[in-house]
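Chains as they are written, first to last, in this note's numbering: chain R, 1 to 111; chain E, 112 to 224.
For every residue, glycine included, the Cβ atom is placed at its ideal position computed from N, Cα and C.
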């Protein structure tokens, strides 16, 4: 079982729709959860972090965390073609210090 | 400007050679990480360090070595023992307190010729 799992996609949504990206993790000691966006050939950039159960909203982005189910998700509202990228889920166990990434989900937003 | 600097951006290595990738940060971060990314894949952890003079192996440490003699610097050496070194290498750093984000350098693309 992979430590962090994501659907590899590609996920295709029309412009203006909601894109839903999902991630599960295996380490119950994980305490910090992140979503990064990576454009082709570039390094990842942080778009959301979440540390407690529930929802966290930032502009068009909402991160959702359910520690009991070991599940974290990212919703992108009013998707734009510029949102087309690979989205990486990352999980950290603060005690051990390891920051582990999933394999990424490729998102394509069609005009 | 504060940030994480990786150099060089592109690196070519002959088979059998060791090469060292540089990662420097001026963010006063304690923790630093090295990842490898292959085409169409996620990031795989090579080594990480939480404090100076200490580091731990990640999931794919074989064929790689690191040092952490200074807080600002975490160089990665790709040795000749690494059989498939062609990849995109990413360095990241973060504060070593609970619930803090990691930020990345621009990456080094290594190609074996």
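In the DSSP assignment, residue 48 (chain R) falls within the unbroken beta strand (DSSP E) covering 45-50.
Closer than 7 Å at the C-beta level to chain R, one finds these residues of the region 197-214 of chain E: 201, 209, 210, 212, 213, 214. Taking C-beta separations shorter than 6 Å and ignoring five residues to either side along the sequence, the partners of residue 56 (chain R) in its chain run 50, 63, following chain order.
Closer than 7 Å to the CB of residue 103 (chain R) there is at least one CB belonging to chain E. With respect to residue 32 (chain R), residue 1 (chain R) sits apart: the two C-beta atoms are not nearer than 7 Å. The DSSP-derived three-state label of residue 165 (chain E) is strand.
A Cβ-Cβ distance of about 17 Å is found for the pair residue 115 (chain E) and residue 147 (chain E), leaving them out of contact under the 8 Å criterion. Taking a beta-carbon distance threshold of 7 Å, residue 10 (chain R) does not count as an interface residue toward chain E.
For residue 119 (chain E), the three-state secondary structure derived from DSSP is coil. DSSP, reduced to helix, strand and coil, places residue 81 (chain R) within a helical segment of the structure shown.
Beta-bridge annotation (DSSP): residue 19 (chain R) is paired with R:76. Residue state for residue 104 (chain R) is assigned as coil, using DSSP reduced to three classes. Between residue 44 (chain R) and chain E, the shortest Cβ-Cβ separation is below 7 Å. At a cut-off of 7 Å between beta carbons, residue 74 (chain R) makes no contact with chain E. Three or more beta-carbon pairs separated by less than 8 Å are not found between the region 115-129 of chain E and the region 177-187 of chain E, which leaves the two stretches without contact. Nearest CB-CB separation between residue 97 (chain R) and chain E: below the 7 Å threshold. Chain order gives no chain E residues near residue 39 (chain R), where near means a beta carbon separation below 9 Å; the closest approach is about 12 Å. Straight-line spacing of the CA atoms in residue 29 (chain R) and residue 66 (chain R) works out to 13 Å.
Excluding residues up to 5 positions away in sequence, 159, 203 lie with their Cβ nearer than 6 Å to the Cβ of residue 144 (chain E) in the same chain. In terms of beta-carbon proximity, residue 49 (chain R) lines the interface with chain E, with at least one pair separated by less than 7 Å. For the pair residue 75 (chain R) and residue 36 (chain R), the CB atoms are not nearer than the 7 Å cut-off. In this structure, the alpha-carbon of residue 126 (chain E) lies about 44 Å from that of residue 80 (chain R).
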